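J.:
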Amino acid sequence: MKKRLITIYALLFGIVFACNDDTLEKTNPNGVTVEGYYKNGSELSSGVTSAYSMLKSNNLVAREWFFLHDLRSDDVSAGGGQLETPRNQLLLGTHDTGNSVMGTVWLAYYRMIHRANAVVDNSEKVTDLADADKKRLLGEARFLRAYAYYELVSLWGAVPLYKNYVLTVDGSLPRSPAEEVYAYVIGELQAIQADLPATYDAANQGRVTKGAAQMLLARVHMQKGDYASAKTELLKVYNSGVYALVDNYNDNFLEETEFNKESIFEVNFFPSGGVYNWDGDGNGATAGTETVRTQEYSAIGWRNLIPSNSLLAEFEKATKGDAKTDPRYDDCFYFTGEKYNKGANTLTDGQQNGNSSVVDGVTQKVSWQKYSLMYKMNESFLTGAINQRIMRFAETILSLAEVENEAGNIADAVKYLNMIRARKSVSMPAYPTAKFPVSTKDQVFAAIVHERRVEQNGEQIRNRDILRWRKLGKLKAEPLTYFQANKIELLPIPQQEVDNNAKIEPTDQNPGY
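Numbers -18 to -1, 1 to 495, taken from mature numbering (1 follows the signal peptide of the UniProt record, and there is no 0), label the letters of the sequence shown in order.
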C-alpha cells in the first residue's frame, strides 16, 4: 500500500524565471506576491514544497530529466520512428542550441533555484517556528538549490550562479566558472548537514535527509576528481546505520517497496487514476501526481527508448561450466515470451512497438522492465506512480570501490564490489572472475565500470559516469560513437538563455556550438 507522503503543490505567488525578460515584466494583480508571502511557518513550509513540486514536474523528474540523461548515455537506443525529433537529436549527438528537451531542463532547474532562493531570502520574516524546524526547512531548500546547480554545472559547465532571489530584469547574471559553481554547491551541502535529520516518519518520507546531502556531496567531489573528499562523505553514509542493500534487487524499482532501506533520496509520485499533471512547473494542488516513465519505456507502451545492444552485451551470461547469467539481466529487461502482469500474460513480438535488438548475434525484441508497471498490469500506455530513486545505497558502495581503487587500495575496492554481487537475489560469483581479473588498478577499474553499469543501468547514472571518466582521462575507449572532442563534453547553453540574458553573449557559448 503506497503511503501518503508529502503533498506536493505549488504556491500561488508570482514565481518567475530570473533570466526571462518577458516573464519578469508581467505582474498578475490577482496573484500572491513573494513580498506578501512568508508570514508564518506554514507559508515557509509551502515555499519549500513548491521547490519539491518543481523537481517532480513534467519538465524534470516526471519526464524530461530522465530523457536528457539517458539520451546522453550509451544505455539506450531508439525504440523506433516514434521517438520525437528533439530526443533523437540528443541520442545521435546532432542537437543544437535550440533543442527543446535540453532547454526545458535548463529552464526548470532555474525555476527550482528561483523558488528555493525565495524561501531562503524571505525566511527571516518567519518567527513562529522552532529554530530546529526552521533550519530543517531551509536545509531542504538549500539542498534542492544545490542539487539543481550540480545538475547544471556537470552538464553545461559554467552557468549563471544566482545565490539570491532575483527581483528585476537587471538581476540577470553572466556565467560563473564551473569551479565557482562547484565550490558554492560544496559549501551549501557542508553547511546543511547538521540541520537535516537522518530519517523521517512515514508522513514525511521523501524529504531531504542528512544522508542525501552527504551522498550528493560525494557525487560532487567525485565529479571534480577529488576522491579523498568523496570518501569522507561516502563513509558517513556507509557508517550511518540507516542504509543497507535490500535482498531483492528489483525492490528498488517497484511501487510497493518504495522508501526501503536502500533508498537515500527518491522523488515521490502519487497514484491519481492515470491523471498526469502536464504543467511544466508542477503547479496544481491535486492529490496525486504521476510520471510518464512507464508509458515512455515499457514493452507495451510507446517504447520510445530500448536498452542499447552494448548494454545488453555488458551482462555476464552463462556459456559453459559453472558460469552464471547475472540475474539483473532478467530483472532489468523484458524479453519476448516472458510472463508479465503477475504471470497472467505472455509478452509477444507484436506487442512491442518498434525496433529489435541484437543480443549475442541474435535479433530479438528486448524492452525495459525497470520502472515499468507491467509487473502488475496488462499494458503500460498509462502514466504511473512508481517513485524515481535518485540515490540508493548501492551507489554508495560502488563509489567507495572507485575511491579506494584510486587510492591504490585494491583489496578494499574489490571487497565493496563483491558486496554488490553478493546481494541475495543477485548472488554472482565474487571477483576475480575469468572475465574480470582484479590484480591491478586498471583491472579493478574495468570491473567497477562493469558493475556500475549492470547495477545502475537506466537510472540516469551512466551519463555522468561517462562525463566524469572522460574528463579525468580514465576511459579506455569512447562509449559514444558520435563523440566530437571540444563539443560533446558539454551541452550548449540554450538559445533561449542567450536571447533573454543580457549578460550572456553568443561568444559565451560552449565550444562547438
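C-beta: ideal position from N, C-alpha, C; glycine also. As the structure is a computational prediction, the values presented were derived from the model and not from experiment.
(1) Cα-Cα, which of Q370, K347, Y357, E386 is closest to F251?
(2) How is K321 classed by DSSP in three states: helix, strand or coil?
(3) Where I430 and L89 are concerned, what is the direct C-alpha to C-alpha distance, given to the nearest angstrom?
(4) So for T86, helix, strand or coil by DSSP?
(5) Where do the ends of the alpha helix (DSSP H) carrying V202 lie?
(6) Would you check if there are 3 or more beta carbon pairs closer than 8 Å linking the segment 253 to 261 to the segment 334 to 347?
(7) Can you grab the Cα-Cα spacing for the pair G319 / G325, in whole Å?
(8) If you run the structure through DSSP and keep just helix, strand and coil, what is I(-11)?
(9) Would V340 be called buried (16 or more neighbouring beta carbons within 10 Å of its own) or exposed?
(10) Which stretch, first to last residue, makes up the alpha helix (DSSP H) that contains T67?
(11) Under the assumption that Y34 contacts I95 (Cβ atoms under 8 Å), give the Cβ distance between them as a whole number of angstroms.
(12) Is the segment 375 to 389 touching the segment 206 to 221 in the sense that three or more CB pairs, one from each, lie closer than 8 Å?
(13) Would you report the Cα separation of Q425 and F418, rounded to the nearest angstrom?
(14) Secondary structure at E487, three-state DSSP: helix, strand or coil?
(15) Give me, in chain order, the residues of the same chain whose beta-carbon lies closer than 6 Å to that of K(-16); leave out the 5 immediate sequence neighbours on both sides.
(16) Apply the 10 Å Cβ neighbour rule to L134 and answer buried if 16 or more other Cβ atoms are within range, or exposed otherwise.
(17) With DSSP as the reference, label R371 as helix, strand or coil.
(18) Would you mind sorting T463 into buried or exposed? The rule is 16 or more other CB atoms within 10 Å of its CB.
(19) Using the C-alpha atoms, what's the distance from L137 back to E471?
(20) To the nearest angstrom, how far is it from the Cα of P493 to the Cα of G223?
(21) Please classify V141: does DSSP put it in a helix, a strand, or coil?
(22) For T328, which beta-bridge partners are listed by DSSP?
(23) Can you check which of these residues, N286, D208, Q333, Y220, is closest to Q196 by C-alpha distance?
(24) Tell me, please, which residues DSSP counts as bridged to Y316.
(25) Please classify E433 as buried or exposed, where buried requires at least 16 other C-beta atoms within 10 Å of its C-beta.
(26) Just verifying my parser: in three-state terms, what is the DSSP assignment at A60?
(27) Could you compute how far the alpha carbon of Y129 sits from the alpha carbon of L50?
(28) Using 8 Å as the Cβ pair cut-off and three pairs as the minimum, do the segment 100 to 120 and the segment 24 to 40 touch?
(29) Here's the rule: buried if 16 or more other CB atoms are within 10 angstroms of the residue's CB, otherwise exposed. What is E106?
(30) By alpha-carbon positions, which one of A140, I168, Y166 ends up nearest to S158?
(31) I'd like to know whether the C-beta of V141 is nearer than 8 Å to at least one C-beta of chain C.
(32) Helix or strand or just coil, what does DSSP make of P476?
(33) Kindly list the residues whose CB is nearer than 6 Å to the CB of A160, restricted to its own chain and excluding five residues on each side of it in sequence; keep chain order.
(34) For E460, I'd like the list of residues in its chain whose CB is within less than 8 Å of its CB, leaving aside the five on either flank, ordered along the chain.
(35) What is the C-beta distance between Y316 and M359, in whole angstroms, given that I count them as a contact (C-beta under 8 Å)?
(36) Looking at the structure shown, is V249 part of a helix, part of a strand, or coil, going by DSSP?
T.: In short:
(1) Measuring C-alpha to C-alpha distances from F251 to each of Q370, K347, Y357, E386 identifies Q370 as the nearest.
(2) Under the three-state reduction of DSSP, K321 is assigned to strand.
(3) Going by the C-alpha atoms only, they are around 34 Å apart.
(4) Helix at T86.
(5) Segment 192 to 206, the alpha helix (DSSP H) holding V202.
(6) Output reads no: the segment 334 to 347 does not touch the segment 253 to 261.
(7) Rounded to the nearest angstrom, the two C-alpha atoms are 11 Å apart.
(8) Because I(-11) carries a pLDDT of 33, less than 50, the predicted location of this residue cannot be relied on, and the following value inherits that uncertainty. Three-state result, I(-11): coil.
(9) The residue in question, V340, is exposed, as its Cβ has fewer than 16 Cβ neighbours within 10 Å.
(10) Note, T67: alpha helix (DSSP H), 67 to 74.
(11) Y34 to I95, Cβ: 13 Å. No contact.
(12) As far as the Cβ criterion goes, the segment 206 to 221 touches the segment 375 to 389, which means the pair count is three or higher.
(13) When only Cα atoms are considered, Q425 and F418 end up about 7 Å apart.
(14) Residue state, collapsed to three classes: coil.
(15) Note that K(-16) scores 39 on pLDDT, short of 50, meaning its location in the model is unreliable; the coordinates nonetheless yield the value given after this. Answer for K(-16): A184, listed in chain order.
(16) Buried is the call here.
(17) R371 falls in the strand class under three-state DSSP.
(18) Classified as exposed, T463 has fewer than 16 neighbouring CB atoms from the shown chains inside 10 Å of its CB.
(19) Going from the Cα of E471 to the Cα of L137 covers about 8 Å.
(20) C-alpha separation (whole angstroms): 45 Å.
(21) Three-state result, V141: strand.
(22) Bridge partners of T328: K321.
(23) Comparing Cα positions, the closest option is Y220.
(24) Answer by DSSP bridge pairing, in chain order: S349.
(25) Result: buried.
(26) Here A60 sits in strand by DSSP.
(27) Y129 and L50 have their C-alpha atoms some 16 Å from each other.
(28) Yes: the two stretches touch, three or more of their Cβ pairs being nearer than 8 Å.
(29) So E106 ends up on the exposed side.
(30) It is A140.
(31) Judged by its chain identifiers, the structure shown contains no chain C, having just a single protein chain.
(32) Correct three-state label for P476: coil.
(33) Same-chain partners within the cutoff: V135, G139, A140.
(34) The residues are R452.
(35) Incorrect: roughly 13 Å between the Cβ atoms, too far for contact.
(36) Correct three-state label for V249: strand.
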